[in-house]
Amino acid sequence: MKNESRSRFRSPRQISAEGDNQALDAVRRIENAFFDLSRPNTAPRRILVEKLAELARTGEAFSTDDLWQGLRAAHGRIGRATVFRSIEQLVESKVLDRVELSDGSHRYRVCGGSHHHHLVCTMCNRVVDFRECLSARKFEEIGRQHGFTVKDHKLTVYGTCDRCLKSGGK
Ligand SMILES: [Zn+2]
Ligand SMILES: [Zn+2]
Ligand SMILES: [Zn+2]
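Note that the numbering used here gives residue 1278 to position 117 of the sequence shown, counting from 1, and the numbers run on in steps of one.
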């Protein structure tokens, strides 16, 4: 049972100290998000928090079904609707990021709380975050050129990751 759930979430090469901090931070934010919604701390929720903490540690992106199947394989009784609703709530609370893949589908990822963007591998769908960004002034300038007042932005960069390149991807 355990192995089956593990295979769905590829094990990380390395678990860094930064990953551990990110996971602790994520657990706090996930718990806060659920607490704010004044929902009872039920067993499925507890299991979900644990799984998401693990995913925060590995930085792995996942689909609703990946998460649901993983939870079910490890713990049995958990409804898809519960998982689906929880994900929606966590996206709204900005605990989870929704990342568009190159094929138009999407994955979720537990990232750090600070401003960042995503790199997406078009071969394996690995998602990595990065901090670089244009200045607020540059965005204002771009907006002004087109008659827009800029309020927010998203940036996703697509390419081939080092792992896929090594295994012969293009
Ligand atoms: Zn992110
Ligand atoms: Zn890749
Ligand atoms: Zn930015």
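For every residue, glycine included, the Cβ atom is placed at its ideal position computed from N, Cα and C.
Classify residue 1323 as helix, strand or coil using the three-state DSSP reduction.
Helix, per DSSP.
Flag this pair as yes or no: are the beta carbons of residue 1280 and residue 1322 separated by less than 9 angstroms?
Taking 9 angstroms as the Cβ cut-off, residue 1280 and residue 1322 qualify as a contacting pair.
If I follow the unbroken alpha helix (DSSP H) through residue 1257, where does it start and stop?
Where residue 1257 is concerned, there is no enclosing alpha helix (DSSP H), although the beta strand (DSSP E) it sits in stretches over 1257-1261.
Beta carbon of residue 1276, beta carbon of residue 1298: below 9 angstroms?
Cβ atoms of residue 1276 and residue 1298: not closer than 9 angstroms.
Whole angstroms is fine: what's the gap from residue 1286's alpha carbon to residue 1212's?
The alpha-carbon atoms of residue 1286 and residue 1212 are separated by roughly 20 angstroms.
Measuring from the CB of residue 1226, is there a heavy atom of ligand 1 at a distance below 8 angstroms?
Answer for residue 1226: no, Cβ out of range of ligand 1.
Is the beta carbon of residue 1243 sitting closer than 9 angstroms to the one on residue 1209?
Yes; because the gap between Cβ atoms is below 9 angstroms, this pair is in contact.
Relative to the alpha-carbon of residue 1309, which residue among 1300, 1273 and 1230 has its alpha-carbon at the smallest distance?
Considering only alpha carbons, the answer is 1300.
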